[in-house]
Structure formats: C-alpha cells, structure tokens
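Chains A and B supply the protein sequences, listed in that same order. Under the working numbering, the first residue of the first sequence is numbered 1408, with each subsequent residue one higher. Under the working numbering, the first residue of the second sequence is numbered 548, with each subsequent residue one higher.
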Amino acid sequence: MDLSGIALGLETALQPENILICLLGVTLGTAVGVLPGIGPTATVALLLPITFSFDPIASLIMLAGIYYGAQYGGSTTAILINLPGESSSAVTALDGHQMAKQGRAGPALATAAIGSFVAGTVATVLVAVFAPQLVSVALEFGSAEYFSLVVLGLIVSISLASGSTVKALAMIVLGLLLGTVGQDLFGVGTPRFTFGVRELYGGIDFVSIAVGLFGLAEIMRNLEHRHRSGSLMTKKIEGLWLSRDDARRITWPVLRGTALGSVLGVLPGGGHVLASFTSYSMEKRLSKHPEKFGKGAIEGVAGPESANNAAAQTSFIPLLSLGLPTHPVMALLIGAFIIQGIQPGPNVINTDPELFWGLIASFWIGNLMLVVLNLPLIGLWVKLISVPYDVLFPAIIAFACVGTYSIGLNPWDIFMIAIIGVLGYALIRWRCEPVPLLFGFVLAPILEDNLRRAMIISRGDPSTFVTRPLSGVLLGLAAVVLVLSVLPAIRRKRETVFTEDE
Amino acid sequence: MTDTDTGARRAARADLCAGGAFVALGGAFAIGALTYDLGTALRMGPGYVPLTLGCALAALGALVLGHGVLVALGHRTVEQESLAPEDEAGPVPWHRGGLLVAAVVVFGFTVDGLGIGVAIFVAAFLAALAGHRNSALKALVVAAGLTVLCLVVFVALLQLRLPLLGEWLGG
C-alpha cells in the first residue's frame, strides 16, 4: 500500500476547516436524510448546490459526508417509523421497526451506527488499496477502451435493476440524448437542440435533472395518495447502549455484511440494494432462530446495515479510478467533480492527489463522526421525522429552486426542473425507472467524445472496438450481461432477489 | 380474476404510453439531428451521434409498444412484478401536480425580475397550496417561514450572490 498517499490524505482531511466541512456535511445529510420519503439520492441532489460555494476538496468532502449522513438518516427513519427512503434501507425496516415497536429502538439505532462504522472502516481501507491499482490499469486505456467501458457500465447498471430491460435501455438512450443538448464541444461548437435559447448552450445542468427526477417527480408521485401527517412516533427512545448479549449477536453479521457489501458495491447499478437484501437472507439462513427474523431480530439490522454501508463505500472505487458511477449518488458526484473543473477518472490521483487521498481519508473521519454525532443527537432527528409532509414538500421545492438557481443564475436551469420533473413523473408512472436516465445523462459526453476520438484514431474503422483486445473483452462482457438479463430464467431469479423477504 | 385483468390492462397501458413517448422523443431527436452536419464515420459531425441515438430510442420504443399491444390483446401474460400491490399508483394529481409545476415555472420567470425573496415566497406559496391538508392561510404561513429560512441559509450563511431585489424593482 502506498503509505505516502494515506499520509497526504490524512493531512488534508485533518485540516481544521476540512474536519468542520465534513462535520457540516454529515449533519446536514442526516438532517435531510431522516425526513420521511427523502432517500440518499434525493438528499444529495437537494444539497448539491450548497457545496458549490466551497473549493473543490472541501466541496467533495462535504458531499461525501452528506452521502453517509443521508444513508444513516434513512436508516433512522426506516427503524423509527417504517418509512424507508430507498430500497436498500427497506431491509433495515423489516426487523429494525419491529425492534422499535418492542421498545428496542435504541439498540437498533446503535446497531445501525456501529455496523455502519465497522463496514465503513474496512471498506475505506479497501478503497485506499484497490482504487490506485485500478487507476494503473485505467491509465493504459485509450479512447476505444473508454467507450467500451462506459457501454459495459451502462449495461451492467440495468441488469441489476428491477423491471423491463428494454424500458431501462430506452431510459439510458433518452438520458444520453438529453446529454447531447448544448454546444458540441468536440467539434466546432455547433449548438444542438437548443431552440435558439442561448442559456441552453452550456447544456442541461445535471442538477436540474437530478432535482427534477428525485425532487419534483417524486413529490408528484407522493401526492397521488393522502399522506399521514402529524407525529408518527409511538414510543420514547431510551437505552441506546447494546447489552453484552446484543454485542455478541451482532459481531458476525456485521463482519459478514461488510465482506458481502464490499464486493457487491463495486458492481454498477443496484450493488448496494443487492448487498442488503442478500445479507438479510444470508443471516436468516445462518441463524439458529430464523423464525425470529421479521419479528425484531437484531442480526437482521446488523447484517444489511453493514452490507449497505460497505457497498456505499466501495462504490467509490470505480468512481475514483475509472470515473464510472455505480450508484445514482456517484453519478451526482461525477457532475459535482465536473462543475469543480475536475474530470473524474484515472488522472485525478496524479493531478489532484490531495483531493484523491483527502477524500478517502475523510470517508473514515465521516464514518467516525456519524457514530459520535448521531447517537447523542437522536432527539433532534426524531423531531425532524415529525415534520408533516405538507410542510416538507414545499420546502423541497423552494430549496431546489434557490439551490439550482444559485449555481449559474440561469432561469433556464429552473425551467428544466419543471420539464424534467413532468417527463420523469410520466415515465415513472409508465413503469420506467429514472436512475438509468441519470446514468445515461452523466456519461453521455464521455461516451460521445471517446467514440469520436477512437474513430479518428482508427481512421474510420469501427472494428477497432472489437479488435483492440481490452476493448473487445469489455464489449463482449457487455453483450453477455445484456443477453443474460433478457433471458427469462435469469429474469425470474432476479425478481426473486429483489422481492424476497419484502 | 378481475385483479389480474385490471393489472394486465394497467401494464398494457403503461407499455403503450411509454413506448409511444420513446418513439416520439427518439423521432424528434433524430429529425432534429438531421439539421446538423452528420459528417462521416471517420469525422463525425455534431448530428451523427444524436441521429444514431434518436433512431435507437425510437426502435426501443417500438419494442415497448409492441409488447404493450401483445399484452393488451392477451397474447402475453404480464410479469408478476407489475402486479405487485406496492406498484399501485393513485389517480394522477393533475391539480396538485399543476400547482407544483406552476411554482417552479413562476420562480424561474420572476427570480431575475422580482428578486430571490419574492420569487421564493410565491413559489413556496403555490407549492404549499398543493398539500392535502393546507388551506390558503396555512400555505401563506408555510411560504413566509420557508422564505425566511432560504434567505438565512443561502444569503446570510452561504453568502451566495443572489439578486435580492430584482431588476424590475431596481435592484
């Protein structure tokens, strides 16, 4: 392991202002993440604009902090009121909420925090070890390999998602098309699909896409139903500490969950969701009392929470080394990198070593802060959970508008929220998943630039993508994954993975 | 049995609408792309990639449409998951959704002219009106509170350079 890198990272992350920024990120992330119905992706999308006022390192450290905070906040909401913000914390809700009903909310929350911390610590080390190694592979990549890698990433991301494969593919292509809006910077700067609107020359801002899909469209979906309002909390939370018996029972589930999540987190698409579901069924199978699962088994909180958090952490490996997002939040982070003027990919470790290592070191510090911060502040989070939805969603709208506007002072970024929000709502209603669209949008420029560059290098011969060995292997893998995900037998298996124990 | 029937009908409608939307959007992008220089495979112009992608989207949309037709005619059974109860969508909230979109659009139109404070207030008020339990009075209170909150966070704490008074007000 490259110790000088770690040392540089700790030096960067331990600067007082960066510690403060990390703390601020974790706190804000938790505060927004505990709000019912707001998952980590929506939290990061809503808080993105706030981070842009800081310098690149601080802003990315803050974003990473927001992400963990949001994850933990989501688990808190899942445990206390059984309203998981996203599918990965749905598993936590199964036994976590049962524990809360039995008056054991304290131990459930403590288990989530400790499990997340252990998983985060292990996975941070894995990121520090494996990201630089993957970088050295990625540095050998030419344009053809990059193109094929992006294709593979996009295909794998839909193979794990639930629902129709064809629709998911169509959503990716739609995302890619939306990504071509604006000036064609590879060529002579021809404005594309801008309808003569100068404000669109820079393209659609990805914050508008994120806020439209995960803010506006999501609220419209929620307004289809009447919402419960007022306080949903039933019992007071007391006794945050684990008994010796609890500690013994969670040890192995935490470690197994960490191992499982670390591996699955690297997979594009739904690695973290898969990790928490798989960990839950594994713990149930290994348990001597499987009948207790679903009725408040502490192992059912410890395993999935650790798996989820480990996966959240290791999904930074492909992001930092290849510039490839494997999780919707990572796609948002790519956008954040680009706004800060940094092209995410294998060059970051050499051009911005402080950023690369500082970010990794701050992962661990952020995880530590979560434990230190969240258990004492639980009373505050409980108050936030009780905010009624009728107040919450106007706040989301107001924040989304001001935040997005503050990035470029461009009213068209706001209009785009409305357009994307309505389009997203319609498509989600027609059972298309929004996440592939986001992936496609973020990766569109990388895909197009590398395609065009590779074609120039190969003198217009498209066979370059298959004859260059590495590129050929990547495309072959993509084809295999695509075929497998369309085959009915695999599809059925995949559905059971996602519906099991729900 | 009726549950499965309505489930199938809903799945068919979802496919038909989504497929139609993909065909329309893909076609629109492809036609738009034709107005730009296509270039050659060696030196692709600005229209090359969007044209390819637009055609691909239209083709995928046609597949989705075809699947929807098969389901509607009863030739194809619906996958189990599309019948899952949690997928149950309520009626489209035209009125409330319209208010939300109006809130966002009004913000976009007024923020330069009237300044950030007024724009937030109007947007938050319109959005709050969409709530299931919010009266006009309650919406006013919520909007006022949110305006203060946003001003404190974005202007006082983050010190972002936002237009406090719009150009229509001489700001």
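Just so it is clear, CB atoms sit at the ideal spot from N, CA and C, and this is done for glycine as well.
Local conformation of A:P1725 per DSSP, three classes: helix
Could you work out which residue in A:V1708, A:P1456, A:S1411 and A:Y1475 is closest to A:Q1747 when comparing CA atoms only? A:P1456
From which residue to which residue does the alpha helix (DSSP H) around A:D1462 run? Segment: none, A:D1462 is in no alpha helix (DSSP H) and carries neither H nor E.
Rounded to a whole number of angstroms, what is the C-alpha to C-alpha distance between A:S1865 and A:I1413? 40 Å
N- and C-terminal bounds of the alpha helix (DSSP H) containing A:R1860: V1842 to I1864
With 8 Å as the threshold, decide whether the Cβ of B:G592 is near any Cβ in chain A. yes
Under 8 Å by Cβ, that's how I've got B:P593 and A:T1597 pegged, so tell me the actual separation to the nearest angstrom. 4 Å
Any beta carbon from chain A within less than 8 Å of B:G579's own beta carbon? yes
Partners in chain A for B:V699, counting only beta-carbon separations shorter than 9 Å: By Cβ distance, chain A contributes nothing, its closest Cβ being about 11 Å from B:V699, past 9 Å.
Please name the residue in A:L1834, A:V1893 and A:F1537 whose C-alpha comes closest to that of A:L1358. Nothing can be reported for residue 1358 of chain A: it is not among the residues displayed for chain A, which extend from 1408 to 1909.
Restricting to Cα atoms, I'd like to know which of A:R1859, A:T1587 and A:L1891 is closest to B:G601. A:T1587
Considering only their Cβ atoms, is the gap separating A:T1572 from A:V1385 smaller than 8 Å? In the structure as shown, chain A begins at 1408 and stops at 1909. Residue 1385 of chain A is therefore absent and cannot be evaluated.
Rounded straight-line distance, which links the Cα of A:T1871 to that of B:L620: 44 Å
Quick check: what's the CA-CA separation for B:R708 versus A:V1604? 24 Å
Mind listing, in chain order, the continuous alpha helix (DSSP H) runs of no fewer than 4 residues lying wholly within the region 1589-1629 of chain A? 1613-1618 and 1624-1629
Kindly indicate which three-state DSSP category B:G527 falls into: helix, strand or coil? For chain B, the structure presents residues 548 to 718; residue 527 of chain B sits outside this window and is missing.
If we cut at 8 Å on Cβ distances, does A:A1912 have a partner in chain B? Since the displayed chain A opens at 1408 and closes at 1909, residue 1912 of chain A lies outside it and no answer follows.
Chain B contact residues for A:F1763, given Cβ-Cβ distances below 8 Å: Under the 8 Å cutoff, chain B gives no residues; its nearest Cβ is about 26 Å from A:F1763.
Compute the distance between the beta-carbons of A:S1713 and A:A1526, then report whether it is under 8 Å. yes
Touch check for the region 1768-1788 of chain A and the region 1436-1446 of chain A: three-plus C-beta pairs under 8 Å? yes
Per-residue DSSP class, three states only, for A:G1664: helix
Could you pull the DSSP bridge partners for B:G586 from this structure? B:M591
contact_flag[the region 1751-1765 of chain A, the region 1721-1735 of chain A] where n(CB pairs < 8 Å) is 3 or more: yes
To the nearest angstrom, how far is it from the Cα of A:D1856 to the Cα of A:T1483? 42 Å
Count the other C-beta atoms from every protein chain shown that fall within 10 angstroms of the C-beta of A:A1449, then say buried if there are 16 or more, exposed otherwise. buried
Cβ neighbours of A:I1814 in the same chain (closer than 8 Å, five flanking residues each side left out): P1456, F1459, D1612, V1614, I1746 and D1820
For A:E1552, I'd like the list of residues in its chain whose CB is within less than 8 Å of its CB, leaving aside the five on either flank, ordered along the chain. R1875, L1877, S1878 and L1881
Considering only their Cβ atoms, is the gap separating A:I1785 from A:M1506 smaller than 8 Å? no
Among B:V695, B:T657, B:V689 and B:L687, which residue has its Cα nearest to the Cα of A:L1816? B:T657
Straight-line gap, A:R1860 to A:S1550 (C-alpha atoms, nearest Å): 6 Å
Run down chain A in chain order and give the residues with a C-beta less than 7 Å from the C-beta of B:L604. A1577, V1580, L1581 and L1584
Could you tell me the alpha carbon to alpha carbon distance between A:V1673 and A:P1443, rounded to whole angstroms? 28 Å
How would you list, in chain order, the residues of chain B whose beta-carbon sits under 8 Å from the beta-carbon of A:E1631? A636, G637, P638, V639 and P640
Host alpha helix (DSSP H) of A:F1744 (start-end): P1735 to I1746
What are the residues of the region 552-567 of chain B that lie near chain A, defined by any Cβ-Cβ distance shorter than 7 Å? A561, C564 and A565
Determine the direct distance from the alpha carbon of A:L1415 to that of B:Q627, and round the result to whole angstroms. Legend: pLDDT at B:Q627 = 49, less than 50; position of this residue unreliable, value from coordinates given subsequently. Taking the straight line from one Cα to the other gives about 52 Å.
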